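> I'd like to ask some things about the structure below.
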């Protein structure tokens with residue numbers, strides 16, 4: 002599998018339900034970031050979680066990081082139709098320069114009204 | 022504070038022409054990154070630049086692609102003699118100086134279509 006691989010590839014839920022997306026990676030990281038991308042648009046930064054953090058919250062978003070399992074999850078609670086988008090995790094590997102990110106292929110989330 | 026500005030948003034080129042994509046980072050940001058996104062795929066790193074320096078170009082195709090970030094003006098990603106396979110969204114991102122671990126902010130992308 003690739004660095005920053007999301008699971009599932011696609012997720013369809015009803016408005017009000019929770020959505021959980023997972024991300025696995027291979028190498029040691031400095032941090033892991035989650036982004037959202039609406040169709041035909043750029044990426045919107047959601048949350049950055051550092052390698053020494055285990056959980057982070059932002060509004061309806063909750064991100065966890067398990068460095069021993071090299072995995073992260075993004076939970077969106079009380080989903081809304083406007084949450085429909087692709088969600089990407091991106092890792093900032095320790096061995097690369099700058100803040101270069103390695104992206105997964107994304108999870109396409111559809112929230113049905 | 023304006024975000025990362027990219028232009029053009031959409032660009033159509035015939036095979037063999039040149040494409041120039043421009044990116045102005047956020048104010049105060051001195052690190053610029055270019056990524057490419059093929060349809061239905063994630064973003065793939067191309068190049069990382071600081072002012073007047075290419076720091077990491079390990080993701081750039083060896084031929085036809087070049088990038089610069091001059092002392093004055095925007096960063097430019099240049100694709101010479103475009104082919105159909107170059108059709109993709111090209112995203113620029115920037116981050117502030119001061120080392121690793123900073124949040125990277127993305128522009129809205131430039132969609133290149135080669136006909």
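Protein chains in written order, with my numbering: chain A, 2 to 114; chain B, 22 to 136. All C-beta atoms, glycine included, are put in the ideal place defined by N, C-alpha and C. Since this is a predicted model, take the numbers as computed values, not measurements.
Any C-beta of chain A sitting closer than 8 Å to the C-beta of residue 75(B)?
Along the second chain, read from residue 1 onward, the residue named residue 75(B) stands at position 54. Closer than 8 Å: no.
> Short of 7 Å in beta carbon distance, which residues of its chain neighbour residue 38(B), apart from the five on each side in sequence? Order them along the chain.
Walking along the second chain from the start, residue 38(B) turns up at place 17. So the list reads 103, once near-sequence residues are dropped.
> For a contact meaning CB atoms closer than 7 Å, what does residue 103(A) contact in chain B?
Position 102 of the first chain, counted from the first residue, corresponds to residue 103(A). Chain B residues near residue 103(A): 66.
> Reducing DSSP to helix, strand and coil, say where residue 34(B) ends up.
Position 13 of the second chain holds residue 34(B). Strand.
> On the criterion of 16 or more Cβ atoms from any shown chain inside 10 Å, does residue 82(A) qualify as buried, or is it exposed?
Counting from one through the first chain, the residue named residue 82(A) turns up at place 81. Classification for residue 82(A): exposed.
> Going by the beta-carbon positions, is the gap between residue 86(A) and residue 39(A) smaller than 8 Å?
By 1-based counting over the first chain, the position of residue 86(A) is 85. By 1-based counting over the first chain, the position of residue 39(A) is 38. Contact flag set, yes.
> Counting only beta-carbon atoms, is residue 49(A) nearer than 8 Å to chain B?
Mapped onto the first chain, residue 49(A) falls at position 48. At least one chain B Cβ lies under 8 Å of residue 49(A).
> Tell me which residues share the same chain as residue 69(B) and place their Cβ nearer than 6 Å to its Cβ, disregarding the 5 neighbours each side in the sequence.
For the purposes of this step, residue 69(B) is identified with residue 48 of the second chain, where counting begins at 1. Only 54, 76 and 77 meet the Cβ criterion.
> Along chain B, which residues have their Cβ under 8 Å away from the Cβ of residue 37(A)?
The residue given as residue 37(A) occupies position 36 in the first chain. Simply none; closest approach about 11 Å.
> Terminal residues of the continuous beta strand (DSSP E) containing residue 65(B)?
Translated into positions along the second chain, residue 65(B) becomes position 44. Segment 64–71, the beta strand (DSSP E) holding residue 65(B).
> List the residues of chain A that residue 111(B) touches, going by C-beta distances under 7 Å, in chain order.
On the second chain, position 90 is the one that residue 111(B) refers to. None at all; the shortest Cβ gap to chain A is about 11 Å.
> Residue 46(A) touches chain B at which residues, Cβ-Cβ below 9 Å?
Position 45 of the first chain, counting from 1, holds the residue named residue 46(A). In chain order: 124, 125, 126 and 127.
> At least one CB of chain D closer than 8 Å to the CB of residue 60(A): is that the case?
Of the protein chains in this structure, namely A and B, none is chain D.
> Can you find a C-beta in chain B that's less than 8 Å from the C-beta of residue 55(A)?
For the purposes of this step, residue 55(A) is identified with residue 54 of the first chain, where counting begins at 1. Taking Cβ atoms only, chain B never reaches closer than 8 Å to residue 55(A), which makes this a no.
> Here's a check: name, in chain order, each residue in its chain whose Cβ is nearer than 7 Å to the Cβ of residue 54(A), leaving out the five neighbours to either side.
On the first chain, position 53 is the one that residue 54(A) refers to. Listed in chain order, the non-local C-beta contacts of residue 54(A) below 7 Å within the same chain comprise 66, local neighbours out to five positions each way being set aside.
> Measure the Cβ-Cβ separation of residue 62(B) and residue 91(B) and say whether it is below 8 Å.
Along the second chain, one-based indexing puts residue 62(B) at 41. Along the second chain, one-based indexing puts residue 91(B) at 70. No. Outside cutoff.
> Just reading off the beta strand (DSSP E) that residue 43(B) is part of, what are its end residues?
Residue numbering aside, residue 43(B) sits at position 22 when the second chain is read from its first letter. Where residue 43(B) is concerned, the enclosing beta strand (DSSP E) stretches over 40–45.
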